[in-house]
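The next block holds one structure in the form of structure tokens; read it before the comments.
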Amino acid sequence: MDKMDNLIFEIFPWNRNFECGIAHIDNQHQNLVKILNKLAINLANLSIDLVLNEIFDELINYTGYHFSTEEKIPIIFITALTEVADETRGFEVGGVDYITKPVSKPIVQARVKTHLALHKQNQILEETVEKRTAELKHALDKMESYSLDSIIRLCRASEYRDEDTGAHIYRMSHYSAAIARQMSLGETVTKWILYAAPMHDIGKIGIPDRILLKPGKLNDEEWQIMKQHSIFGGKILENSKAGYLKLGQIIALTHHEKWDGSGYPNGLKGKKIPMVGQIVAVADVFDALTSKRPYKEPFSIEKSLDIIKEGSGNHFNPEVVQAFIAIKQEILNIKEKFQDKNENSLTLS
Ligand SMILES: [Fe+2]
Ligand SMILES: [Fe+2]
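In our numbering, the protein residues as written are 9 to 357.
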């Protein structure tokens, strides 16, 4: 406190003591706003804990709010201005205290000490809150990633019945996310689609092997049973409170609906089909076309793209097809990256 003694009562145009971290500003002979602006520019490089701001007649025009709040440095006004309006203005512009003249040295010292202590406490509190918030976020992120990992593994388990490695769900999920990004649906929706799309065929778990694994064409009765996988998927995932599962339920139920209304299970038409269902439909069909299935060999990329284009306006939403074609190279990169043989690189992150 000794170093403050000189500061508080010496009247200079302005004076800063960097050692004890207190700035004393006196605008008796200078334009206060100019000084503060100048000081604010340099403030980031200075080690100031508190400002004693001596003012005389310019408080009404004083715009030092940014100085004392954004930089989070407490500012105490010392002034002969005793009107309530002046004092109010002092607090409005960010002052933490307002001391009127004549000043008492012990009182100023006590207030400075109090505000330094308060400021220090606030800093510690802010740092603690920041640290705890970061820890909480980290814990939540971890929990989310574990939940998603569990979901993906359950989806892989159901895919294993008719897929060798389950790579299909990784490819079609990344295709879906890439389309969503191309359609500017936003980063959050894109991420949610990436994690919800793997659930599209989870209902296949309810389809008997003799139908699911049949190498040849399904007869009418078998096909009716096969089509029920979308309803089963919807039922498995319904009534969840988790966002990803809710989205997964919509995708499971609607990924076989068609733009012209000829799809299943509900024959929804056009924009009545949720956008996520429309997107996953294109991604899922393209991957099925370019993959080996019990009933067919893989089609070439060009033939598969032609089939997708031909489906525009009847099977698929034209806007989704347009987005898909526009990112053809990205789609091919995903296809290359998530091959069945690259089992260790199968990931959604
Ligand atoms: Fe399906
Ligand atoms: Fe699929």
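Just so it is clear, CB atoms sit at the ideal spot from N, CA and C, and this is done for glycine as well.
By the rule of a C-beta closer than 5 Å to any heavy atom of ligand 2, the residues picked out are 209 and 292.
With distances taken between CA atoms, residue 209 lies nearest to 168 out of 114, 195, 168 and 227. Around the Cβ of residue 355, a 10 Å sphere holds fewer than 16 other Cβ atoms; the residue is exposed.
One alpha carbon belongs to residue 115, the other to residue 101, and they sit about 23 Å apart. DSSP places residue 342 in the uninterrupted alpha helix (DSSP H) bounded by 336-345. Proximity of the beta carbon of residue 263 to ligand 1 is indicated: a heavy atom of the ligand is located closer than 7 Å. For residue 259, the enclosing alpha helix (DSSP H) has its first and last residue at 251-262.
Look at residue 130 here: in three-state DSSP terms it is helix. For residue 275, same chain residues with a beta-carbon under 6 Å away, outside a window of 5 residues either side, are 269 in chain order.
Annotated as proximal: residue 255 and residue 204, with beta-carbon spacing under 8 Å. For residue 87, the enclosing beta strand (DSSP E) begins and ends at 83-87. For residue 196, the three-state secondary structure derived from DSSP is helix. Secondary structure at residue 320: strand, using DSSP grouped into helix, strand and coil. Taking the Cβ of residue 323 as the reference point, every heavy atom of ligand 1 lies at 7 Å or farther away. A direct Cα-Cα distance of roughly 31 Å separates residue 340 from residue 215. DSSP places residue 90 outside any beta strand (DSSP E), giving it a letter other than H or E.
Relative to ligand 1, even the nearest heavy atom lies 7 Å or more away from the CB of residue 176. Contact check for residue 123 and residue 58: beta-carbon distance about 6 Å, within the 8 Å limit, so the pair qualifies. Relative to ligand 1, even the nearest heavy atom lies 7 Å or more away from the CB of residue 270. Going by beta carbons, residue 316 and residue 288 fall outside the 8 Å limit. In this structure residue 86 is in contact with residue 111, their Cβ atoms being roughly 6 Å apart against a cut-off of 8 Å. In the displayed model, residue 136 falls within a helix according to three-state DSSP. Within the chosen limit of 7 Å, ligand 1 reaches the beta carbon of residue 238 through at least one heavy atom. Taking 4 residues as the shortest admissible run, the stretch 273-334 contains the following complete alpha helix (DSSP H) segments, listed from N- to C-terminal end: 283-297, 309-318 and 326-334. Between residue 298 and residue 343, the C-beta spacing is below 8 Å. For residue 217, no beta strand (DSSP E) run applies; the uninterrupted alpha helix (DSSP H) run containing it begins and ends at 217-220, by DSSP. For the pair residue 175 and residue 348, the CB atoms are nearer than the 8 Å cut-off.
By the Cβ neighbour-count rule, residue 128 is exposed, with fewer than 16 other Cβ atoms within 10 Å of its own. One alpha carbon belongs to residue 213, the other to residue 196, and they sit about 29 Å apart.
DSSP places residue 120 in the helix class (H, G or I) of the three-state scheme.
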